[in-house]
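Trainee:
Chains as they are written, first to last, in the numbering used here: chain S, 1 to 335; chain B, 336 to 670.
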């Protein structure tokens with residue numbers, strides 16, 4: 001764990017704080033060196049590839065600034081574990097880079113570290129290192145997650161072939177609805193549904209058990225973070241294929257179905273909304289039938305990979321549905 | 336490379352931008368998968384440990400918001416390479432997490448990517464992956480750097496022993512003076528000195544060649560980012576030793592000597608200022624004599640590791656100098 005320079009202010013000493021709050025999160029892994037150093041030393045595992053992924057999150061953009069700190073930490077870890085799962089990788093550990101607002105309180109930091117520690121323990125992972133700095137801006141976090149796959153067996157976005165079946169885990173659209181639920185924008189929905197959806201937004205369930213099971217079965221995989229349609233578009237583009245999604249097959253949770261039936265959301269919103277953190281994958285016919293039959297997690301075939309390019313979403317009559325937006329595209333600059 | 340969700344605005348499409356600007360920075364390394372995916376796959380190198388370090392930087396805290404974007408990118412990489420060098424590690428690659436302000440211009444991004452690309456090429460490294468998001472706050476960057484050392488041979492902060500010689504590379508105090516130079520706060524200094532010091536602040540020279548040479552010679556090592564006295568304090572604390580620094584031995588650059596002679600800075604400021612990115616290491620008597628004699632980079636013995644605890648800095652008469660501050664301690668929160 002490292003700490004960069006910057007003006008001192010206030011009363012809590014960061015070095016003590018890190019020692020107290022974050023060092024236990026190494027969970028005794030010798031690679032972390034107890035966070036006494038500013039680097040981790042990971043022994044080679046011959047026959048395995050190390051998988052590396054990083055995700056950044058900003059308060060007010062990727063989570064609500066007043067979200068509970070433990071949930072922010074847990075979501076940060078989980079979105080990265082979702083990336084690893086999409087590669088077929090088993091997680092190994094994480095490094096945290098955190099820019100904390102200067103007015104953050106010790107209680108907030110304690111809750112943040114406790115949440116991170118809770119999920120590291122739940123997924124049996126060490127914190128391997130990190131860096132904490134102060135920022136005059138919003139809380140800004142990034143986490144680098146490490147995983148491993150047998151050499152050459154990692155799943156990628158490329159690799160989908162025409163004729164492949166297109167599958168998703170879990171249910172689609174809950175994340176985007178959940179953001180609205182968390183913001184109190186779904187007053188007509190029952191409280192239990194609001195709570196379910198908000199939880200789906202705040203605390204994704206990374207498919208860590210499913211990911212490794214897809215190795216040797218799926219030809220291409222990714223996790224759905226920016227919306228089904230947009231992410232499928234990425235997968236198709238790098239695979240050099242197109243996809244046809246049957247809208248009626250896309251699995252929706254009961255609360256999402258009720259929101260849709262109540263006119264609170266459009267199907268396009270659900271298909272293009274972000275933050276689902278389910279796995280999307282393409283597999284040759286029959287390759288995942290046994291996995292799907294096992295039903296844990298639920299897997300649903302939503303369409304087919306086709307020759308060509310682009311994603312089309314069709315209704316039960318085969319008519320292409322207009323999508324009002326292609327999922328979030330969040331970073332655009334002025335010309 | 337990954338991109339998270341957030342509201343779309345403006346005219347530059349991030350996905351095209353990333354493809355255009357960052358994909359070439361992979362420099363053809365297959366581990367990066369051309370940034371088509373959101374993860375890198377690094378083959379195992381049996382017999383080597385992977386060294387991982389992460390550093391975060393925030394505009395207005397770790398660099399000036401109007402610093403040239405290419406220099407910001409290069410400093411971000413270099414401070415991490417400095418960490419790897421301190422471990423005795425050879426660098427392998429980097430992952431970038433960047434939160435760009437929404438009003439960043441394409442020209443700024445191009446210059447940033449060009450600077451990063453320039454230094455990746457200079458150090459012969461690939462960009463392995465990353466994540467770019469938008470922020471309503473200041474530019475916030477973190478970079479995870481990967482290196483490798485022969486198994487078990489990595490250098491750490493712990494490992495200094497009483498009687499060890501204490502050494503530093505290069506010159507000390509230029510970074511802190513350089514910040515003042517860059518801010519125009521050294522008007523009495525000659526323009527060439529101001530330029531030298533500002534460059535030392537903006538563009539550290541990580542000791543990538545020296546680091547691996549210290550393996551098997553130094554018992555403990557770290558890079559000086561928070562100030563010599565404070566960083567030496569860390570090294571002593573985790574090693575369970577103390578240190579005695581002879582102030583007159585501490586190497587100062589000619590511009591720093593002139594600033595000191597002109598009363599523009601105190602010796603305490605130089606010994607406690609941050610951003611030097613030189614290596615500090617403890618080694619048994621004679622162990623680095625040949626390296627030091629080679630003189631590239633310059634190595635200077637500044638003192639001795641002693642039994643006990645704490646860092647004392649003494650003048651030529653052996654009198655302990657009072658230090659007005661123990662180096663930057665940047666992150667403190669209100670109680």
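The beta carbon of each residue, even a glycine, is placed where N, CA and C say it ideally should be.
(1) Looking at the secondary structure, which residues open and close the alpha helix (DSSP H) in which residue 72 of chain S lies?
(2) Does DSSP put residue 26 of chain S in a helix, a strand or coil?
(3) Would you call the CB atoms of residue 212 of chain S and residue 47 of chain S closer than 8 Å?
(4) Assuming residue 640 of chain B and residue 545 of chain B form a contact by the criterion Cβ under 8 Å, report the distance between their Cβ atoms to the nearest whole angstrom.
(5) Give me the chain B residues within the contact set of residue 41 of chain S, using Cβ-Cβ distance strictly less than 7 Å, ordered along the chain.
(6) Below 9 Å between beta carbons is the criterion; list the residues of the segment 457-470 of chain B that meet it against any residue of chain S, in chain order.
(7) So, using beta-carbon positions, are residue 650 of chain B and residue 658 of chain B closer together than 8 Å?
(8) In terms of alpha-carbon separation, which member of S:89, S:173, S:258, S:240 lies closest to residue 155 of chain S?
(9) Using three-state DSSP, classify residue 578 of chain B as helix, strand or coil.
(10) Check whether the segment 133-141 of chain S and the segment 172-179 of chain S are in contact - that is, three or more C-beta pairs closer than 8 Å.
(11) Contact criterion: CB-CB distance below 8 Å. Does residue 413 of chain B meet it with respect to chain S?
(12) Less than 8 Å between the beta carbons of residue 242 of chain S and residue 311 of chain S, yes or no?
(13) Starting from residue 107 of chain S, trace the alpha helix (DSSP H) in both directions and tell me its first and last residue.
(14) What residue from S:293, S:287, S:76, S:268 has the CA that sits closest to residue 53 of chain S's CA?
(15) So which of S:259, S:43, S:266, S:82 has the shortest CA-CA distance to residue 280 of chain S?
(16) Nearest by alpha-carbon distance to residue 159 of chain S: which of S:124, S:216, S:126 is it?
(17) Measure how close the beta-carbons of residue 258 of chain S and residue 203 of chain S come, nearest whole angstrom, since I'm counting them as under 8 Å.
(18) Just checking, does the segment 112-127 of chain S make contact with the segment 444-457 of chain B on the three C-beta pairs under 8 Å criterion?
(19) Chain B beta carbons: is any one of them nearer than 8 Å to that of residue 240 of chain S?
(20) If we cut at 8 Å on Cβ distances, does residue 61 of chain S have a partner in chain B?
(21) Taking the alpha-carbon positions, what's the residue 436 of chain B to residue 142 of chain S distance?
(22) With distances taken from CA atoms, which of S:19, S:230, S:37, S:98 is nearest residue 274 of chain S?
(23) Between the C-alpha atoms of residue 270 of chain S and residue 256 of chain S, what's the straight-line distance to the nearest angstrom?
(24) Please confirm whether residue 506 of chain B has its beta-carbon closer than 8 Å to some beta-carbon of chain S.
(25) With a floor of 3 residues, list each beta strand (DSSP E) that falls wholly inside the segment 191-235 of chain S, ordered by position along the chain.
(26) Give a yes or no on whether the minimum CB-CB distance between residue 434 of chain B and chain S is below 8 Å.
(27) Could you list which residues in chain S have their beta carbon closer than 9 Å to that of residue 371 of chain B, in chain order?
(28) Taking the straight line between their C-alpha atoms, what separation do you get for residue 567 of chain B and residue 373 of chain B?
(29) Nearest to residue 613 of chain B by alpha carbon, out of B:559, B:607, B:487?
(30) Just to confirm the assignment, what range does the beta strand (DSSP E) spanning residue 101 of chain S have?
(31) So which residues of chain A does residue 253 of chain S contact, with C-beta pairs closer than 9 Å?
(32) Assuming the contact rule is C-beta atoms closer than 8 Å, residue 466 of chain B and residue 103 of chain S should be a hit. Round their C-beta distance to whole Å, please.
(33) Got a sec: is the Cβ-Cβ distance from residue 137 of chain S to anything in chain B below 8 Å?
(34) Just the Cα atoms here: how many angstroms apart are residue 622 of chain B and residue 415 of chain B?
(35) Relative to the alpha-carbon of residue 197 of chain S, which residue among S:208, S:152, S:184 has its alpha-carbon at the smallest distance?
(36) Confirm, please, whether the CB-CB distance from residue 208 of chain S to residue 91 of chain S is below 8 Å.
Mentor: With the structure as the only source:
(1) Along the first chain, one-based indexing puts residue 72 of chain S at 72. Run containing residue 72 of chain S: 69-86, per the alpha helix (DSSP H) assignment.
(2) Mapped onto the first chain, residue 26 of chain S falls at position 26. In the structure shown, residue 26 of chain S sits in a helix (DSSP, three-state: H, G or I).
(3) In the first chain, residue 212 of chain S corresponds to position 212, counting from 1. In the first chain, residue 47 of chain S corresponds to position 47, counting from 1. In this structure, residue 47 of chain S does not lie closer than 8 Å to residue 212 of chain S by Cβ.
(4) Position 305 of the second chain, counted from the first residue, corresponds to residue 640 of chain B. Position 210 of the second chain, counted from the first residue, corresponds to residue 545 of chain B. Not a contact, Cβ separation roughly 19 Å.
(5) Indexing the first chain from 1 puts residue 41 of chain S at position 41. Neighbours of residue 41 of chain S across chain B, judged by C-beta separation under 7 Å: 384, 386, 489.
(6) 463, 464, 465, 466, 467, 468, 469, 470
(7) Here residue 650 of chain B corresponds to residue number 315 of the second chain, with the count starting at 1. Here residue 658 of chain B corresponds to residue number 323 of the second chain, with the count starting at 1. No, Cβ-Cβ distance for residue 650 of chain B and residue 658 of chain B is not below 8 Å.
(8) One-based indexing of the first chain puts residue 155 of chain S at position 155. When only C-alpha atoms are compared, the closest one is S:89.
(9) One-based indexing of the second chain puts residue 578 of chain B at position 243. Strand, per DSSP.
(10) no
(11) Looking up residue 413 of chain B in the second chain gives position 78. Judged by the 8 Å Cβ criterion, residue 413 of chain B is not in contact with chain S.
(12) As a working note, residue 242 of chain S is residue 242 in the first chain. As a working note, residue 311 of chain S is residue 311 in the first chain. Yes, the Cβ-Cβ distance between residue 242 of chain S and residue 311 of chain S is below 8 Å.
(13) As a first step, residue 107 of chain S is located in the first chain; it is residue number 107 there, counting from the start. 106-122 is the span of the alpha helix (DSSP H), which, as asked, contains residue 107 of chain S.
(14) Here residue 53 of chain S refers to the residue found at position 53 of the first chain. Nearest C-alpha to residue 53 of chain S: S:76.
(15) Position 280 of the first chain holds residue 280 of chain S. With distances taken between Cα atoms, residue 280 of chain S lies closest to S:82.
(16) Taking the first chain and counting its residues from 1, one reaches residue 159 of chain S at position 159. Put simply, of S:124, S:216, S:126 the residue whose alpha carbon is nearest the alpha carbon of residue 159 of chain S is S:216.
(17) The sequence position of residue 258 of chain S within the first chain is 258, counting from 1. The sequence position of residue 203 of chain S within the first chain is 203, counting from 1. Between residue 203 of chain S and residue 258 of chain S the Cβ distance is about 21 Å, and since that is not below 8 Å, they are no contact.
(18) no
(19) Against the first chain, residue 240 of chain S aligns to sequence position 240. No, its Cβ sits nowhere closer than 8 Å to a Cβ of chain B.
(20) Working through the first chain from its first residue, we reach residue 61 of chain S at position 61. Output row for residue 61 of chain S: interface = yes.
(21) Taking the first residue of the second chain as 1, we reach residue 436 of chain B at position 101. Taking the first residue of the first chain as 1, we reach residue 142 of chain S at position 142. Cα-Cα distance, rounded: 16 Å.
(22) Residue 274 of chain S sits at position 274 when you count from the first residue of the first chain. That would be S:230, whose Cα lies nearest to the Cα of residue 274 of chain S.
(23) Counting from 1 along the first chain, the entry for residue 270 of chain S is found at position 270. Counting from 1 along the first chain, the entry for residue 256 of chain S is found at position 256. So the two alpha carbons sit approximately 8 Å from each other.
(24) Residue numbering aside, residue 506 of chain B sits at position 171 when the second chain is read from its first letter. With 8 Å as the cut-off, residue 506 of chain B does not count as an interface residue toward chain S.
(25) For the segment 191-235 of chain S, whole beta strand (DSSP E) runs of length 3 or above, ordered along the chain, are 220-223.
(26) Locating residue 434 of chain B in the second chain gives position 99, where the first residue counts as 1. It does: the Cβ of residue 434 of chain B has a partner Cβ on chain S nearer than 8 Å.
(27) Here residue 371 of chain B corresponds to residue number 36 of the second chain, with the count starting at 1. 156, 157, 158, 234, 237, 238, listed in chain order.
(28) Against the second chain, residue 567 of chain B aligns to sequence position 232. Against the second chain, residue 373 of chain B aligns to sequence position 38. Going by the C-alpha atoms only, they are around 38 Å apart.
(29) As a first step, residue 613 of chain B is located in the second chain; it is residue number 278 there, counting from the start. Of B:559, B:607, B:487, the residue nearest in Cα terms is B:559.
(30) Residue 101 of chain S sits at position 101 when you count from the first residue of the first chain. Element bounds for residue 101 of chain S: 90-101.
(31) The chain inventory of the structure shown lacks chain A, comprising the protein chains S and B.
(32) For the purposes of this step, residue 466 of chain B is taken as residue 131 along the second chain, with counting starting at 1. For the purposes of this step, residue 103 of chain S is taken as residue 103 along the first chain, with counting starting at 1. Not a contact, Cβ separation roughly 26 Å.
(33) Along the first chain, one-based indexing puts residue 137 of chain S at 137. Cβ-Cβ to chain B under 8 Å: yes for residue 137 of chain S.
(34) Translated into positions along the second chain, residue 622 of chain B becomes position 287. Translated into positions along the second chain, residue 415 of chain B becomes position 80. Spanning the two alpha carbons is a distance of roughly 26 Å.
(35) Reading the first chain from its first residue, position 197 is the one you call residue 197 of chain S. Nearest of S:208, S:152, S:184 to residue 197 of chain S, Cα basis: S:184.
(36) Looking up residue 91 of chain S in the first chain gives position 91. Looking up residue 208 of chain S in the first chain gives position 208. Against a cut-off of 8 Å, the Cβ pair of residue 208 of chain S and residue 91 of chain S comes out as a contact.
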